[in-house]
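A.B. asks:
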Ligand code: GLA
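Residue numbers (mature numbering (1 follows the signal peptide of the UniProt record, and there is no 0)): -26 to -1, 1 to 390.
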């Protein structure tokens, strides 16, 4: 009898836990059903960000059509904070944000946009600004009062072990859930404590999987090198090789975040220019866009979108590649082939369609062909090249002819 009672007691707790977990997951799905999109301030402005910068970026995003393509957030990164007032409420820097964050959020909302903000699970942020540890409830309420829609929550200055990280993110995750406003929660501990395994249980909707991206193709380091320890910056390929393996963890409301798009930075100095970030070619930038979209990554533009050249515009504003990223099924591509020359990705899309990406990782041109059967697809499909816009009907073999570091992206349909 005693044992049965204990069993019943545990069973009730289990049901409650499962219910709470499912509830959190359902909420997650509603808040970030597809990967968040927008402009993040860090790579271009670093911590020198002001309210007039944010307004001018917002205006440009509306005018040049980025917002109507889905890039509807401005994510303010580190550097906005001005300490705490006498009641310990976190406040913006009065010189950089004289009208306050609420006025900015109101402005963005009036334009159909959303506002993201940044804090950290320690006393100070990575840039040395006031952070939220010990003030989670209070800061979450402040963010909610301001009308903030998204919080990037960093991990500089916090203990290294996984269980402390889980506790600290859980405190903020709960605080956001109790804040009275829907706020997307972006975990940013750089993939060091396997956040893909726990972040969604603490209220996270996305989690960085790597250290910061630099404006370069690859670190070119021997396999097994610890880039972070050696002080070598991560390039597009280094980040790809980490994030591509994590596809099973992604889905609606739960996204692997391989960091910002560096498309169009063109070797600009600043955070992305550190550690060898001297810039990429347009082919490489286009590959980043292709690969991030295949991996259902959040799309965070970080170049100066007020002054974009045509090539950059074409990459960031290609509707067909964005549609692959934003596909409602929310499935991250599987990397099916990864050899010395190429990587092949297969992403399932709604209506039994697929996206296929073929990346040439070599330093030379590469051509060849792949049978659909080799990557597990039976029958014939119509191919639509999302970059060249060429169509080929009823095919079962993909022919590729790629420049160094180029990615071919095809959308496969059975429609006539
Ligand atoms: C960390 C993050 C970056 C950025 C900076 C701000 O390095 O990983 O994305 O937010 O902090 O200080």
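Where is the CB? At the ideal position from N, CA and C, for every residue including glycine.
1) Please report the residue range of the alpha helix (DSSP H) in which residue 279 lies.
2) Who does residue 320 pair with in a DSSP beta bridge?
3) What runs of the alpha helix (DSSP H), each 4 residues or longer, lie entirely inside the region 109 to 181?
4) Considering residue 29, what are the terminal residues of the alpha helix (DSSP H) in which it resides?
5) Report buried or exposed for residue 276, applying the criterion of at least 16 other Cβ atoms within 10 angstroms of its Cβ.
6) Just checking, does the region 331 to 350 make contact with the region 365 to 383 on the three C-beta pairs under 8 Å criterion?
7) Would you list the one or two residues that DSSP bridges to residue 386?
8) On the criterion of 16 or more Cβ atoms from any shown chain inside 10 Å, does residue 373 qualify as buried, or is it exposed?
9) Below 7 Å, is the gap between the Cβ of residue 100 and the nearest heavy atom of ligand 1?
10) Can you tell me which of 6, 324, 346 puts its alpha carbon nearest to the alpha carbon of residue 311?
11) Can you check which of these residues, 361, 197, 258, 287, is closest to residue 295 by C-alpha distance?
12) For residue 217, which residues in the same chain have their Cβ closer than 8 Å to its Cβ, ignoring the five residues on either side in sequence?
13) Consider the C-beta atom of residue 181 and the heavy atoms of ligand 1; say whether any pair is separated by less than 7 Å.
14) Excluding the five sequence neighbours on either side, which residues of its own chain have a C-beta within less than 8 Å of the C-beta of residue 190, listed in chain order?
15) Quick check: the Cα distance between residue 157 and residue 283, rounded to an integer number of angstroms?
16) Quick one: what's residue 229 bridged to in DSSP?
17) Taking 7 Å as the line, does the beta carbon of residue 51 fall inside it for any heavy atom of ligand 1?
18) Compute the Euclidean distance between the alpha carbons of residue 58 and residue 333, then round it to the nearest angstrom.
19) Start and end of the alpha helix (DSSP H) containing residue 76?
20) From the DSSP output, in three-state form, read off residue 284 for me.
21) Using the three-state DSSP reduction, which class does residue 239 fall into: helix, strand or coil?
22) In three-state DSSP terms, what is residue 58?
23) Assuming residue 112 and residue 63 form a contact by the criterion Cβ under 8 Å, report the distance between their Cβ atoms to the nearest whole angstrom.
24) Rounded C-beta distance between residue 71 and residue 82? I'm assuming under 8 Å.
25) Whose C-alpha, out of 38, 129, 88, is nearest the C-alpha of residue 107?
26) Where does residue 219 sit, in a helix, a strand or coil, going by DSSP?
C.D. replies: Taking the structure as given:
1) No alpha helix (DSSP H) contains residue 279, which DSSP labels as neither H nor E.
2) 308, 330
3) 110 to 120, 136 to 151
4) 25 to 37
5) buried
6) yes
7) 328, 357
8) exposed
9) yes
10) 346
11) 361
12) 183, 184, 230, 232, 269, 271
13) no
14) 207, 209, 210, 250, 251, 252, 253, 254
15) 34 Å
16) 180
17) yes
18) 48 Å
19) 74 to 84
20) helix
21) coil
22) strand
23) 7 Å
24) Contact doesn't hold; Cβ gap of about 13 Å is too wide.
25) 129
26) helix
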